[in-house]
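Asks:
Protein chains: 2
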Amino acid sequence: MGMSSLPPRSVPAALSGSTRTRLGRHRERGAVDRAALHEVLTEALICHLGFVADGSPVVLPTGYGVEAETLYLHGSVAGRPLASTPGQPVCVTVTLLDGIVLARSAFHHSMNYRSAVIFGVPRVVTDPTEKLRALECITEHLAPGQWTATRQPTRRELAATSVLALPLDEASVKVRSGPPSDDAQDVAAGGWAGVLPVRRGWAEPVTAPDVPAGIPVPQHVRRG
Amino acid sequence: MGMSSLPPRSVPAALSGSTRTRLGRHRERGAVDRAALHEVLTEALICHLGFVADGSPVVLPTGYGVEAETLYLHGSVAGRPLASTPGQPVCVTVTLLDGIVLARSAFHHSMNYRSAVIFGVPRVVTDPTEKLRALECITEHLAPGQWTATRQPTRRELAATSVLALPLDEASVKVRSGPPSDDAQDVAAGGWAGVLPVRRGWAEPVTAPDVPAGIPVPQHVRRG
Chain A
1 MGMSSLPPRS
11 VPAALSGSTR
21 TRLGRHRERG
31 AVDRAALHEV
41 LTEALICHLG
51 FVADGSPVVL
61 PTGYGVEAET
71 LYLHGSVAGR
81 PLASTPGQPV
91 CVTVTLLDGI
101 VLARSAFHHS
111 MNYRSAVIFG
121 VPRVVTDPTE
131 KLRALECITE
141 HLAPGQWTAT
151 RQPTRRELAA
161 TSVLALPLDE
171 ASVKVRSGPP
181 SDDAQDVAAG
191 GWAGVLPVRR
201 GWAEPVTAPD
211 VPAGIPVPQH
221 VRRG
Chain B
225 MGMSSLPPRS
235 VPAALSGSTR
245 TRLGRHRERG
255 AVDRAALHEV
265 LTEALICHLG
275 FVADGSPVVL
285 PTGYGVEAET
295 LYLHGSVAGR
305 PLASTPGQPV
315 CVTVTLLDGI
325 VLARSAFHHS
335 MNYRSAVIFG
345 VPRVVTDPTE
355 KLRALECITE
365 HLAPGQWTAT
375 RQPTRRELAA
385 TSVLALPLDE
395 ASVKVRSGPP
405 SDDAQDVAAG
415 GWAGVLPVRR
425 GWAEPVTAPD
435 VPAGIPVPQH
445 VRRG
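So the sequences go chain by chain: A and B. Under our numbering, the first residue of the first sequence is numbered 1, with each subsequent residue one higher. Under our numbering, the first residue of the second sequence is numbered 225, with each subsequent residue one higher.
(1) Under 7 angstroms between beta-carbons, which chain A residues line up against Thr266/B? List them in chain order, please.
(2) Between the segment 131-148 of chain A and the segment 159-172 of chain A, do at least 3 Cβ pairs fall closer than 8 angstroms?
(3) Leu102/A CB to nearest chain B CB: under 8 angstroms?
(4) Could you say which of Gly145/A, His109/A, Tyr64/A and Val58/A lies nearest to Leu273/B if we only look at CA atoms?
(5) What number of angstroms, rounded off, separates the C-alpha of Leu382/B from the C-alpha of Asp351/B?
(6) For the putative contact between Ala413/B and Pro404/B, defined by C-beta atoms under 8 angstroms, what is the C-beta separation to the nearest angstrom?
(7) Please list, in chain order, the chain B residues whose beta carbon lies closer than 7 angstroms to that of Gln152/A.
(8) How would you list, in chain order, the residues of chain A whose beta-carbon sits under 8 angstroms from the beta-carbon of Gln370/B?
(9) For Val397/B and Arg424/B, I'd like the C-alpha separation in whole angstroms.
(10) On the criterion of 16 or more Cβ atoms from any shown chain inside 10 Å, does Ala116/A qualify as buried, or is it exposed?
(11) Please check if any C-beta of chain B sits within less than 8 angstroms of the C-beta of Thr207/A.
(12) Any idea what DSSP makes of Arg104/A, helix, strand or coil?
(13) From the beta carbon of Thr317/B, is the nearest beta carbon of chain A less than 8 angstroms away?
(14) Please decide whether Leu388/B counts as near chain A, where near means a Cβ-Cβ distance under 8 angstroms.
(15) Considering only C-alpha positions, which residue in the set Ala260/B, Gln312/B, Thr374/B and Cys271/B is nearest to His444/B?
(16) Where does Asp410/B fall in DSSP's three states?
(17) If you follow the alpha helix (DSSP H) that His444/B is part of, which residue opens it and which one closes it?
(18) Name the residues in the segment 258-287 of chain B whose C-beta lies less than 7 angstroms from a C-beta of chain A; which are they?
(19) Does the separation of the CB atoms of Val198/A and Asp98/A fall below 8 angstroms?
(20) With a threshold of 16 other CB atoms inside 10 Å of the CB of Glu69/A, please say whether the residue is buried or exposed.
(21) How many angstroms separate the CA atom of Leu23/A from the CA atom of Arg328/B?
(22) Going along the chain, which unbroken runs of the alpha helix (DSSP H) with 4 or more residues stay wholly within the segment 318-378 of chain B?
(23) Can the beta-carbon of Val206/A be found less than 8 angstroms from the beta-carbon of Val419/B?
(24) Let me know the secondary structure DSSP gives Thr207/A once reduced to three states.
(25) Alpha carbon to alpha carbon, what distance is there between Ile100/A and Ala367/B?
(26) Here's a check: name, in chain order, each residue in its chain whose Cβ is nearer than 8 angstroms to the Cβ of Met335/B, leaving out the five neighbours to either side.
(27) Which residues in chain A have a C-beta closer than 7 angstroms to the C-beta of Ala417/B? List them in chain order.
(28) The beta strand (DSSP E) that contains Ala171/A, what's its start and end?
(29) Decide if Arg156/A is buried, meaning its Cβ has at least 16 other Cβ atoms within 10 Å, or exposed.
(30) What is the rounded straight-line gap between the Cα of Asp169/A and the Cα of Ser280/B?
(31) Using beta-carbon positions only, say whether Thr319/B and Tyr337/B come within less than 8 angstroms of one another.
(32) Checking contacts by CB at 8 angstroms: is Gly214/A closer than that to chain B?
(33) Quick one: what's got a C-beta closer than 6 angstroms to Thr317/B's C-beta in the same chain, skipping five residues either side?
As structure tokens, this is what we get:
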């Protein structure tokens, strides 16, 4: 009811055997391969970073990038709390909403989605070479082609930027797809049911007002 | 750099005067009226619910609805941890990514976004009348028109559903919009800069395979 089947009661297992990522409700929705994890991370644009500050959870959106089995996070979002107390656990969640599942009963309404949940203790990236590479990952994830098309960071800019590295060790992926799962008597009663798919896309690039006339939108920006 | 200006270092203030919602970095991005909060909550589809379980943060996506100054959450996502230990604080974050900000320097890359962060201690909704109304809110938020178009919940379904209520008391909204903020020398150096807007929308509804031929997609589902 009211999206009853959307969210798992607990984080589903998949890619690790930890207690936190063990399958709870809707066990069938746990995806078990790393390819699924990387697919979600590649397709989504932002993540939600959760940490604990003064005993309370804090959840903030931020950009990220992936290199091999490391998730790099733009750390300014949580720079103070996480940098001042190293060794704190975080939870990074990445969600792709794929569609609204419209059942014949209110109870069986749901969402089609793919979500990745990553637990771990992030490392503050201090090595300048790794930091530069991490920022390239983060930038290219959201804006492919921009890293080489724009002015590279100065040492001062690099120092002013905080980057966190989180291993993709303790992670889980959960997926719901397909039509609604109505009760037999509701199906028999007739009526429409189905899925309203979410469409993701880009609008036309908007050139900044201080760009001189005649400078075209670069090809790599046109992702239409 | 690498979306440097996206995430605030700490949660910005706006709608409450609590420490947690006080303005940190990018103070100018804090929106101060409740209209902005409700706009974000109306336009977004899902939220990310953060809570603490066994000392670690957990962030999970879930559906929500709003009635007056109360946020209703589908609580199955966190039913066990939150119901078993009442009085636990949560953080609910709702993010709309509006565009990728493509600057002339890697450092000034950013995102245009609107995000709402709500702190509080949720109440488990037990009154059947309120629960039904809350589920209507949650369902109608994602699927307008569906509540009355589908079979209403039975008492058993209602009992099997967990709903949390969170007051919109301690909340903040943060907004970034507009073109990149490049350094003067980068602007002078020329080159393109601008924003790639995110387009949100719906694809054509997909009818479930067990719907008999000839039953049309209801008008309220066509949100094209």
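Cβ atoms here follow ideal geometry from the backbone N, Cα and C, with glycine treated the same way.
Replies: Looking at the atomic coordinates:
(1) For this step, residue 266/B is matched to residue 42 along the second sequence. Chain order gives no chain A residues near Thr266/B, where near means a beta carbon separation below 7 angstroms; the closest approach is about 16 angstroms.
(2) A contact exists between the segment 131-148 of chain A and the segment 159-172 of chain A.
(3) Within the first sequence, residue 102/A is the residue found at index 102, counting from 1. Output row for Leu102/A: interface = yes.
(4) Within the second sequence, the letter at position 49 stands for residue 273/B. For Leu273/B, the nearest C-alpha among the options comes from Val58/A.
(5) As a position in the second sequence, residue 382/B is number 158, starting the count at 1. As a position in the second sequence, residue 351/B is number 127, starting the count at 1. Distance between the alpha carbons of Leu382/B and Asp351/B: 11 angstroms.
(6) As a working mapping, residue 413/B is identified with position 189 in the second sequence. As a working mapping, residue 404/B is identified with position 180 in the second sequence. Going by Cβ atoms, the distance from Ala413/B to Pro404/B rounds to 14 angstroms, so no, they are not a contact pair.
(7) Looking up residue 152/A in the first sequence gives position 152. Near Gln152/A (Cβ distances below 7 angstroms), the residues of chain B are Ala330.
(8) For the purposes of this step, residue 370/B is taken as residue 146 along the second sequence, with counting starting at 1. Within 8 angstroms Cβ-Cβ: Leu102, Ala106 and His109.
(9) In the second sequence, the residue the question calls residue 397/B occupies position 173. In the second sequence, the residue the question calls residue 424/B occupies position 200. Inter-residue distance for Val397/B and Arg424/B is about 20 angstroms (C-alpha atoms, whole angstroms).
(10) As a first step, residue 116/A must be located in the first sequence, where it is residue number 116. When all chains shown are included, Ala116/A counts as buried.
(11) In the first sequence, the residue the question calls residue 207/A occupies position 207. Using beta-carbon distances, Thr207/A counts as an interface residue toward chain B, with a partner under 8 angstroms.
(12) The residue labelled residue 104/A in the question sits at position 104 within the first sequence. Assigned with DSSP and collapsed to three states, Arg104/A falls in coil, not helix or strand.
(13) In the second sequence, counting from the first residue as 1, residue 317/B sits at position 93. Chain A, which has a Cβ nearer than 8 angstroms to the Cβ of Thr317/B, makes this yes.
(14) What you label residue 388/B is simply residue 164 of the second sequence in a count that begins at 1. Residue-level contact check: Leu388/B does not touch chain A, since none of the beta carbons of chain A fall below 8 angstroms from its beta carbon.
(15) On the second sequence, residue 444/B is found 220 positions in, with the first residue counted as 1. Comparing alpha carbon positions, the residue from Ala260/B, Gln312/B, Thr374/B and Cys271/B closest to His444/B is Thr374/B.
(16) Within the second sequence, residue 410/B is the residue found at index 186, counting from 1. Asp410/B: helix per DSSP, three-state reduction.
(17) Residue numbering aside, residue 444/B sits at position 220 when the second sequence is read from its first letter. Counting along the chain, no alpha helix (DSSP H) covers His444/B, and no H or E run does either.
(18) Going along the segment 258-287 of chain B in chain order, one finds Leu269, Ile270, His272, Gly274, Phe275, Val276, Ser280, Pro281, Val282, Val283, Leu284, Pro285, Thr286 and Gly287 with a Cβ nearer than 7 angstroms to chain A.
(19) Counting from one through the first sequence, the residue named residue 198/A turns up at place 198. Counting from one through the first sequence, the residue named residue 98/A turns up at place 98. Yes, the Cβ-Cβ distance between Val198/A and Asp98/A is below 8 angstroms.
(20) Within the first sequence, numbered from 1, the residue matching residue 69/A stands at position 69. So Glu69/A counts as exposed.
(21) Indexing the first sequence from 1 puts residue 23/A at position 23. Indexing the second sequence from 1 puts residue 328/B at position 104. Low per-residue confidence applies at Leu23/A: pLDDT is 44, beneath 50, and the placement is therefore not dependable, though the value from the model is reported in the following sentence. Cα to Cα, Leu23/A sits roughly 45 angstroms from Arg328/B.
(22) Look at the segment 318-378 of chain B and you find these whole runs of alpha helix (DSSP H), each 4 residues long or longer: 352-366 and 370-373.
(23) Counting from one through the first sequence, the residue named residue 206/A turns up at place 206. Counting from one through the second sequence, the residue named residue 419/B turns up at place 195. Contact flag set, yes.
(24) Sequence index remark: in the first sequence, residue 207/A carries index 207 (1-based). It is a strand residue.
(25) Your numbering for residue 367/B matches position 143 in the second sequence. Your numbering for residue 100/A matches position 100 in the first sequence. When rounded, the distance between both Cα atoms is 7 angstroms.
(26) Translated into positions along the second sequence, residue 335/B becomes position 111. In chain order, Met227, Leu230, Leu321, Asp322, Gly323, Ile324, Val325 and Arg400 place their CB closer than 8 angstroms to the CB of Met335/B, counting only its own chain and leaving out the 5 sequence neighbours on each side.
(27) Looking up residue 417/B in the second sequence gives position 193. Within chain A, the residues whose beta carbon sits less than 7 angstroms from that of Ala417/B are Ala208 and Val211, listed in sequence order.
(28) For this step, residue 171/A is matched to residue 171 along the first sequence. Counting along the chain, the beta strand (DSSP E) containing Ala171/A begins and ends at Glu170 to Arg176.
(29) Within the first sequence, numbered from 1, the residue matching residue 156/A stands at position 156. Exposed, because fewer than 16 other Cβ atoms sit within 10 Å of the Cβ of Arg156/A.
(30) Position 169 of the first sequence, counted from the first residue, corresponds to residue 169/A. Position 56 of the second sequence, counted from the first residue, corresponds to residue 280/B. The straight-line gap separating the alpha-carbon atoms of Asp169/A and Ser280/B is approximately 16 angstroms.
(31) Taking the first residue of the second sequence as position 1, residue 319/B is located at position 95. Taking the first residue of the second sequence as position 1, residue 337/B is located at position 113. Yes, Cβ-Cβ distance for Thr319/B and Tyr337/B is below 8 angstroms.
(32) Indexing the first sequence from 1 puts residue 214/A at position 214. No, no contact with chain B.
(33) For the purposes of this step, residue 317/B is identified with residue 93 of the second sequence, where counting begins at 1. Answer for Thr317/B: His272 and Val341, listed in chain order.
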